[in-house]
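Q:
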Amino acid sequence: MKHLVAPSILSADFANLQRDIEMLNKSDADWIHVDIMDGVFVPNISFGFPVVKAVKQHALKPLDVHLMIVDPDRYLNEFKEAGANNISVHFEACIHLHRTIQKIKELGCRAGVAINPHTPIAQLSDIVEDIDLVCMMSVNPGFGGQKFIESTYRRIRELRLLAQDRNPNLLIEIDGGVNHQNSLSLLQAGANVLVAGNTVFGADDQMASIKQLKDVSIT
Ligand code: DX5
Ligand code: ZN
Numbered sequence: 029m030k031h032l033v034a035p036s037i038l039s040a041d042f043a044n045l046q047r048d049i050e051m052l053n054k055s056d057a058d059w060i061h062v063d064i065m066d067g068v069f070v071p072n073i074s075f076g077f078p079v080v081k082a083v084k085q086h087a088l089k090p091l092d093v094h095l096m097i098v099d100p101d102r103y104l105n106e107f108k109e110a111g112a113n114n115i116s117v118h119f120e121a122c123i124h125l126h127r128t129i130q131k132i133k134e135l136g137c138r139a140g141v142a143i144n145p146h147t148p149i150a151q152l153s154d155i156v157e158d159i160d161l162v163c164m165m166s167v168n169p170g171f172g173g174q175k176f177i178e179s180t181y182r183r184i185r186e187l188r189l190l191a192q193d194r195n196p197n198l199l200i201e202i203d204g205g206v207n208h209q210n211s212l213s214l215l216q217a218g219a220n221v222l223v224a225g226n227t228v229f230g231a232d233d234q235m236a237s238i239k240q241l242k243d244v245s246i247t
């Protein structure tokens, strides 16, 4: 499968959000990555339902919602109603992860688990066949524009191995510090979705930056 590119609107210009969404519509982006932060699970607050709904009104591509919030079960319905197509919850924030994943699927969304850089990959062993997506954090969640953590490559290979028999179609999404230097190596390690905030929205030519991420080829 050709890999997917999911620009993160955390780095968009919030005063010109419609313009930025229209740019993504015209670009080679596959999904729009939407980062929700509650100021409790992570030391930052991003935005909530009204903004997601406003984005949805203009977006022609699926919304890939990454919930960096405690007790995400409380808000799954509302995120679905706001327009989420994919919902990822943090492994570290879910006491009854299996139940949460079933709920996301019942809502008709792709179900994802996000995992912090220090949480062992083996912890996903008993959920890997129930999910569509792992959002593997390659920075500590909370902020855009951080430096990529190098141990991510080893963790991708470990997850690909874990999933190979029980969920060969698992999407492995890399989130944090993805750029034009590391994108090829990430795909070679076994990733197939690239999130990029700063690399896209910090570029002079944002559409070209998305195209460059999409055109990376491992063959
Ligand atoms: C970080 C967020 C990321 C962030 C990525 O907590 O989950 O999605 O927007 O931004 P960059 O690509 O700039 O590291
Ligand atoms: Zn994210």
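Okay, so the sequence shown: first residue is 29 according to the numbering used here, each after it adds one.
Ideal placement from N, C-alpha and C gives every residue a C-beta, glycine not left out.
Quick caveat, the model's predicted, so the values are computed rather than measured.
1. To which residues of the same chain is R183 closer than 6 angstroms at the C-beta, ignoring the five residues directly before and after it?
2. Is any heavy atom of the ligand DX5 found at a distance shorter than 7 angstroms from the C-beta of H61?
3. For the ligand DX5, is there any heavy atom lying closer than 7 angstroms to the beta carbon of N226?
4. Answer yes if the region 92-110 comes into contact with the region 63-77, meaning at least three C-beta pairs across the two stretches below 8 angstroms, and no otherwise.
5. Straight-line CA distance for D154 to D233?
6. Between which two residues does the beta strand (DSSP E) holding L222 run?
7. Does the distance from the C-beta atom of A87 to that of I64 stay below 8 angstroms?
8. Check whether chain C comes within 8 angstroms of E134, counting only Cβ atoms and requiring the distance to be less than that.
A: In this structure, then:
1. Numbered from 1 along the sequence shown, position 155 holds the residue referred to as residue 183. Result list for R183: I149, in chain order.
2. Here residue 61 is taken as the residue at index 33 of the sequence shown, counted from 1. True, at least one ligand heavy atom lies under 7 angstroms from that Cβ.
3. Numbered from its first residue, the sequence shown carries residue 226 at position 198. Indeed, a heavy atom of the ligand DX5 lies less than 7 angstroms from the Cβ.
4. yes
5. On the sequence shown, position 126 is the one that residue 154 refers to. On the sequence shown, position 205 is the one that residue 233 refers to. A direct Cα-Cα distance of roughly 42 angstroms separates D154 from D233.
6. Translated into the one-based positions of the sequence shown, residue 222 becomes position 194. Per DSSP, L222 belongs to the beta strand (DSSP E) from 221-224.
7. Residue 87 sits at position 59 when you count from the first residue of the sequence shown. Residue 64 sits at position 36 when you count from the first residue of the sequence shown. No, they are not a contact pair.
8. Structure shown: chain C not included; a single protein chain is present.
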